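A.B. asks: Residue numbering for the sequence shown follows this note's numbering, starting at 464 and increasing by one per position.
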Amino acid sequence: MINHNLKIYNTLTRTTKKFEPIHVGHVGMYVCGPTVYNNAHLGNARTFVSFDVVFRYLQHLGYKVRYVRNITDAGHLENDADEGEDKITKKAKLEQLEPMEIVQRYTIDFHHVMDAFNALPPSIEPTATGHIIEQIEMTKQIMSNGFAYESNGTIYFDVEKFAKENNYTALTGRNLDDLLNGTRELGGQVDKRGRLDFALWIKAKPEHIMRWPSPWGEGFPGWHVECSAMSKKYLGDRFDIHGGGMDLAPTHHTNEIAQNVACNHHKTPINYWMHTNMLTVNGQKMSKSLGNSFLPFELFSGSHNLLDKAYSPMTVRFFMLQAHYRSTLDFSNEALLAAEKGFARLMNAMKLLDDLKSSATSTCDISELKTNIYAAMDDDFNTPITLAHLFEGVRIVNSVNDGKESISESDKSELVKLMRSMVFDVLGLKLENAIHTDKIDGLMNMILDVRTDAKSRKDFSTSDLIRDKLKEIGFEIKDGKEGTSYTIN
Ligand code: AMP
Ligand code: ZN
464 MINHNLKIYN
474 TLTRTTKKFE
484 PIHVGHVGMY
494 VCGPTVYNNA
504 HLGNARTFVS
514 FDVVFRYLQH
524 LGYKVRYVRN
534 ITDAGHLEND
544 ADEGEDKITK
554 KAKLEQLEPM
564 EIVQRYTIDF
574 HHVMDAFNAL
584 PPSIEPTATG
594 HIIEQIEMTK
604 QIMSNGFAYE
614 SNGTIYFDVE
624 KFAKENNYTA
634 LTGRNLDDLL
644 NGTRELGGQV
654 DKRGRLDFAL
664 WIKAKPEHIM
674 RWPSPWGEGF
684 PGWHVECSAM
694 SKKYLGDRFD
704 IHGGGMDLAP
714 THHTNEIAQN
724 VACNHHKTPI
734 NYWMHTNMLT
744 VNGQKMSKSL
754 GNSFLPFELF
764 SGSHNLLDKA
774 YSPMTVRFFM
784 LQAHYRSTLD
794 FSNEALLAAE
804 KGFARLMNAM
814 KLLDDLKSSA
824 TSTCDISELK
834 TNIYAAMDDD
844 FNTPITLAHL
854 FEGVRIVNSV
864 NDGKESISES
874 DKSELVKLMR
884 SMVFDVLGLK
894 LENAIHTDKI
904 DGLMNMILDV
914 RTDAKSRKDF
924 STSDLIRDKL
934 KEIGFEIKDG
944 KEGTSYTIN
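1. Tell me whether K700 sits in a helix, a strand or coil according to DSSP, three-state version.
2. T717 by DSSP, collapsed to three states: which one?
3. So V531 and Y493 are supposed to be a Cβ contact under 8 angstroms. How far apart are they, rounded?
4. Please report how far the alpha carbon of L521 lies from the alpha carbon of V528, in whole angstroms.
5. May I ask which residues mark the beginning and end of the beta strand (DSSP E) holding H738?
6. Restricting to runs no shorter than 3 residues, where is the beta strand (DSSP E) found entirely within the region 479-565?
7. What does a CB cutoff of less than 6 angstroms around F482 pick up in its chain, not counting 5 residues either side in sequence?
8. Taking 6 angstroms as the cut-off, does the CB of C726 come closer than this to any heavy atom belonging to the ligand ZN?
9. Helix, strand or coil, according to DSSP, for T476 in the structure here?
10. For I955, I'd like the list of residues in its chain whose CB is within less than 6 angstroms of its CB, leaving aside the five on either flank, ordered along the chain.
11. To which residues of the same chain is K918 closer than 7 angstroms at the C-beta, ignoring the five residues directly before and after it?
12. Are F781 and F757 closer than 7 angstroms when you measure CB to CB?
13. Following the continuous beta strand (DSSP E) through E939, name the residue where it begins and the one where it ends.
14. Compute the beta-carbon to beta-carbon distance between K655 and Y619, rounded to the nearest angstrom, for a pair I have assumed lies under 8 angstroms.
15. Can you tell me whether L906 sits near the ligand AMP, meaning its C-beta is under 6 angstroms from at least one heavy atom of the ligand?
16. Any residue with its Cβ nearer than 5 angstroms to a heavy atom of the ligand ZN should be included. What is that list in chain order?
17. Which residue from W679, K550, V490 puts its Cα closest to that of Y526?
18. How would you label A537, buried or exposed, when you count the other beta carbons within 10 angstroms and need 16 or more for buried?
19. Mind the definition here: the region 872-879 touches the region 820-831 only if three or more C-beta pairs lie below 8 angstroms; say whether that holds.
20. Please specify which runs of the alpha helix (DSSP H), each continuous and at least 4 residues long, are wholly inside the region 865-891, giving them in chain order.
21. Are the region 733-742 and the region 683-703 touching by the rule of at least three beta carbon pairs closer than 8 angstroms?
22. Does the beta-carbon distance from M673 to P562 come in below 7 angstroms?
23. Output the distance between the C-alpha atoms of R920 and T778, rounded to the nearest integer angstrom.
24. Report the three-state DSSP secondary structure of I672 (helix, strand or coil).
25. Would the beta-carbon of K941 be found less than 6 angstroms away from any heavy atom of the ligand AMP?
26. Counting only the same chain and skipping the five closest in sequence on each side, list residues whose C-beta sits under 6 angstroms from that of H715.
27. For the beta strand (DSSP E) holding A662, just list the boundary residues, first then last.
28. Would you call the region 839-851 and the region 787-795 touching, i.e. three or more CB-CB distances under 8 angstroms?
29. Over what stretch of residues does the beta strand (DSSP E) that includes I618 continue unbroken?
30. What residues in its chain sit with their C-beta under 6 angstroms from that of M783, if we drop five residues either side in the sequence?
31. Just mark S607 as buried or exposed, buried being the case when its beta carbon has 16 or more other beta carbons within 10 Å.
32. What residue range is occupied by the uninterrupted beta strand (DSSP E) comprising G805?
33. If you check the beta carbons only, do N745 and D771 fall under 7 angstroms apart?
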């Protein structure tokens, strides 16, 4: 039995309750992974970093966690209402590549981003295309239970029939009639019986490249069924935690619950639904389609035109942890600058920890610090409050180091253990080898000043030499109206 007071906010019940796993000592957690048709942006990364902290803290508490995070490599159409092209097929056509080349390229990019943020790999990372058989089996089961029908080679989930016996909109609490009234008439989609019905299996048009044989002819799976089929395979008909960004709750997750219930008959297939809030830019959700997205590597190199400078991966991770996962997090240069300072201060204290001199007595209260830190993490993974308490730890470290406070040997070893496990193991921060970016910045500004000076003296051979040498090392210089800036390649 693991002793803790962890409470989790459950979107389904809209309450925060003590976490009780289905199987003592074990946790099954499923998180909807990326659709690998383009580079993961910073908003996507925020969601996965949030669940990385959940994974890390559950393991820290002593749970054996099976963390499943899928890769969507087929079936995700451009529009949630089963309209438009498959996102991966569309990109493959655009770039004249095989769809699996697109999948491979962006899966590698996603892993690269996750590594940069020091996110642990999940226990299992299944792909939709690797589980076509399971998705067909689930579709067959839902049909034989009477909740799906075939129409012209496509299989639809019968939402209105399901809603007669079940609360279809339980996850969001929306009113079904309002939802029906707010949904477009069937229009061209004459194959569907009800306007809320969604596809489990989609008949492939002759030109559709990604296709598999099925009892209903050649086709491909719908997006929602992949997560139900893969979570069932690896975590069972009932499991503990399901997560994703909150934009997935109204359709993707609502439909996942419907499929699970219709297939397996458990009324509550998932005990805790966790949803992360959005990363925003000037208050607007960061998204590729809105054109306001940053790629993580644009931040690390400072090459995006909305950025004043480059920020290291751990600065960005620290910036993300400064907001609770259920609050929006607004992107700004000022917030990142503040995060850079905060992260440097924290790491400075981490470096001092081991060499602190112990005394016969303590003037600081480490057990209170420990209680506060665990209480914050237990309160639905409240990382901003956890960080605030960790800075009390930083204050203690600095005061002891300056000789203003004293710490006993046993308190010191408690403090070292507490700070190390929370900062490194749970929050997933790490010391970065790179020189502080503010120092690089200062150095570069000095070099650029020398170059500007050379230019003003019409000493162009020196100014060009500086530019070319910097380029060789990987610093690209841009001369603009407002002066000269640089990016790191
Ligand atoms: P996708 O690759 O579009 O399926 O998205 C992968 C994950 O990123 C999903 O859980 C989304 O909810 C999440 N996501 C998308 N945009 C944002 C954002 N701006 N902030 C936080 N999470 C996001
Ligand atoms: Zn999913």
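Yeah, the Cβ is synthetic: ideal placement off N, Cα and C, and Gly gets one too.
Here the structure is a predicted model, which means the values were calculated and not measured.
C.D. replies: With the given structure in hand:
1. Checking the displayed sequence, the identity of residue 700 turns out to be Asp instead of Lys. Coil, per DSSP.
2. helix
3. 5 angstroms
4. 7 angstroms
5. 733-739
6. For the region 479-565, whole beta strand (DSSP E) runs of length 3 or above, ordered along the chain, are 489-494, 527-532, 540-542, 546-549.
7. L469, I471
8. no
9. coil
10. Shown here, the chain extends from 464 to 952; a query on residue 955 therefore has no answer.
11. Taken in chain order, the residues that qualify are S926.
12. no
13. 938-943
14. 6 angstroms
15. No - the ligand AMP has no heavy atom lying nearer than 6 angstroms to the Cβ of L906.
16. C495, C690
17. V490
18. buried
19. yes
20. 872-883
21. yes
22. It is a contact, given that the beta carbons lie within the stated cut-off.
23. 39 angstroms
24. DSSP places I672 in coil when its eight states are reduced to three.
25. no
26. H687
27. 661-666
28. yes
29. 617-620
30. R509, V512
31. exposed
32. Where G805 is concerned, there is no enclosing beta strand (DSSP E), although the alpha helix (DSSP H) it sits in stretches over 796-816.
33. No.
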